[in-house]
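Step one of this worksheet: look at the structure below.
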Amino acid sequence: MEVTEEKKKRRPSVALGLWLIKRIERVLIRYSLVADTPFLDPSAFSWVRTLEADWELIRAELDRLLEAPERIPNFQDISRDQYNISRDDKWKSWFLYGYGYKMENNCRACPETTRILESIPDMYTAFFSVLAPGKHIPLHRGPYRGLLRCHLALVVPEPREDCWIEVGGETSTWEEGRCIVFDDTYRHRVENNTGGRRVVMFIDIKRPLKFPGSLLNRVVLFLIRLSPYIQDARRNQVAWEKRLDCT
Numbered sequence: 693m694e695v696t697e698e699k700k701k702r703r704p705s706v707a708l709g710l711w712l713i714k715r716i717e718r719v720l721i722r723y724s725l726v727a728d729t730p731f732l733d734p735s736a737f738s739w740v741r742t743l744e745a746d747w748e749l750i751r752a753e754l755d756r757l758l759e760a761p762e763r764i765p766n767f768q769d770i771s772r773d774q775y776n777i778s779r780d781d782k783w784k785s786w787f788l789y790g791y792g793y794k795m796e797n798n799c800r801a802c803p804e805t806t807r808i809l810e811s812i813p814d815m816y817t818a819f820f821s822v823l824a825p826g827k828h829i830p831l832h833r834g835p836y837r838g839l840l841r842c843h844l845a846l847v848v849p850e851p852r853e854d855c856w857i858e859v860g861g862e863t864s865t866w867e868e869g870r871c872i873v874f875d876d877t878y879r880h881r882v883e884n885n886t887g888g889r890r891v892v893m894f895i896d897i898k899r900p901l902k903f904p905g906s907l908l909n910r911v912v913l914f915l916i917r918l919s920p921y922i923q924d925a926r927r928n929q930v931a932w933e934k935r936l937d938c939t
């Protein structure tokens with residue numbers, strides 16, 4: 693079945709889901725323990741300091757993966773919805789966790805990285821995000837405000853100012869070994885206008901919330917986890933791993 697046909701069949705349920713999520717998000721923000729801004733202060737998250745202290749361990753495992761880049765899939769090969777924003781081979785992803793599902797084979801290839809990630813409270817998704825030279829990711833919005841995003845910069849090409857992320861109209865660059873934290877439900881885009889590769893550890897965490905917002909968020913994330921979009925991505929990841937096993 694074509695991807696477009698799948699989308700047509702899902703349109704009614706998607707429309708209802710988006711309607712519900714918009715209303716749930718309004719409730720969640722009232723209970724948020726962190727700022728409702730495009731970028732957030734990394735020091736507000738106690739685990740950031742530990743993550744940054746261990747960044748070279750993560751970088752070492754990344755370097756081993758990059759020795760065989762053909763084994764790293766395109767992001768849209770795993771998450772088909774990413775065809776809306778990326779259709780070439782310039783954005784690759786090595787998933788360790790996806791919406792709470794552990795990618796066992798990938799984690800075994802990166803034991804130190806996995807150990808570090810599993811120490812992060814409420815970590816929900818984590819993967820190496822690799823952008824090739826010249827790659828642009830157009831403006832888009834994340835699906836749900838119950839999560840926040842962290843980028844730990846691992847490889848930042850020069851000149852740094854030519855490789856950037858814009859979130860909600862505000863622009864930031866990366867610095868190796870440092871984190872930026874942002875709310876991906878603000879419209880955001882990325883451009884790598886350099887001749888080098890940019891790699892970050894891409895991490896989603898549950899938004900810190902007071903009760904009952906925290907309970908509502910757990911329920912919504914559980915339902916999203918069971919959705920066709922997440923289950924399809926999970927199957928695509930398993931299929932990719934099987935292809936690797938056959939090579």
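When you line the sequence shown up against the working numbering, it's residues 693 to 939, in that order.
Just so you know, even glycine gets a beta-carbon here, dropped at the ideal spot from N, CA and C.
Residue i - partner residues in DSSP beta bridges
{"i": "V892", "result": "S821 and A845"}
{"i": "R795", "result": "Reading off the sequence, residue 795 comes out as Met, not Arg. None, per the DSSP bridge assignment."}
{"i": "Y789", "result": "K794 and A818"}
{"i": "E862", "result": "V859"}
{"i": "R881", "result": "E858"}
{"i": "K784", "result": "N766 and V822"}
{"i": "K898", "result": "L839"}
{"i": "S724", "result": "L901"}
Buried or exposed (CB count within 10 angstroms, at least 16 for buried), residue i
{"i": "A760", "result": "exposed"}
{"i": "T863", "result": "exposed"}
{"i": "N766", "result": "buried"}
{"i": "V911", "result": "exposed"}
{"i": "N776", "result": "exposed"}
{"i": "G861", "result": "exposed"}
{"i": "W739", "result": "buried"}
{"i": "P730", "result": "buried"}
{"i": "L831", "result": "exposed"}
{"i": "M693", "result": "Any reading at M693 must be qualified, since the residue scores a pLDDT of 38, below 50, and its modelled position is unreliable; the value itself is stated next. That one is exposed."}
{"i": "D937", "result": "exposed"}
{"i": "V695", "result": "Residue placement at V695 is poorly supported in this model, since its pLDDT is 49, which falls under 50; the coordinates still yield a value, given next. It counts as exposed."}
{"i": "E762", "result": "exposed"}
{"i": "Q929", "result": "buried"}
{"i": "L712", "result": "exposed"}
{"i": "S785", "result": "buried"}
{"i": "G887", "result": "exposed"}
8 Å contact criterion, which residue i and residue j should meet: CB distance rounded
{"i": "F787", "j": "F737", "result": "With 8 Å as the limit, F787 and F737 do not qualify as a contact, their Cβ atoms being about 22 Å apart."}
{"i": "W866", "j": "V892", "result": "7 Å"}
{"i": "G826", "j": "A845", "result": "Contact flag wrong, Cβ pair sits at about 19 Å."}
{"i": "V719", "j": "G905", "result": "7 Å"}
{"i": "K898", "j": "L913", "result": "7 Å"}
{"i": "C855", "j": "R890", "result": "5 Å"}
{"i": "M815", "j": "L823", "result": "That pair is no contact at about 22 Å."}
{"i": "I857", "j": "V882", "result": "5 Å"}
{"i": "T817", "j": "Y789", "result": "6 Å"}
{"i": "R917", "j": "G792", "result": "6 Å"}
{"i": "C871", "j": "C842", "result": "5 Å"}
Residue range of the unbroken alpha helix (DSSP H) whose run includes residue i
{"i": "G905", "result": "G905 to R917"}
{"i": "W747", "result": "W747 to L757"}
{"i": "Y921", "result": "P920 to D937"}
Host beta strand (DSSP E) of residue i (start-end)
{"i": "V873", "result": "C871 to F874"}
{"i": "T729", "result": "Careful: T729 lies outside any beta strand (DSSP E) and carries neither H nor E."}
{"i": "E804", "result": "Note, E804: premise wrong, no beta strand (DSSP E); alpha helix (DSSP H) at P803 to L809."}
{"i": "P830", "result": "H828 to H832"}
Any non-hydrogen atom of the ligand ZN within 8 Å of residue i CB
{"i": "S738", "result": "As presented, the structure is devoid of all ligands, the ligand ZN included, so that no description of it is given."}
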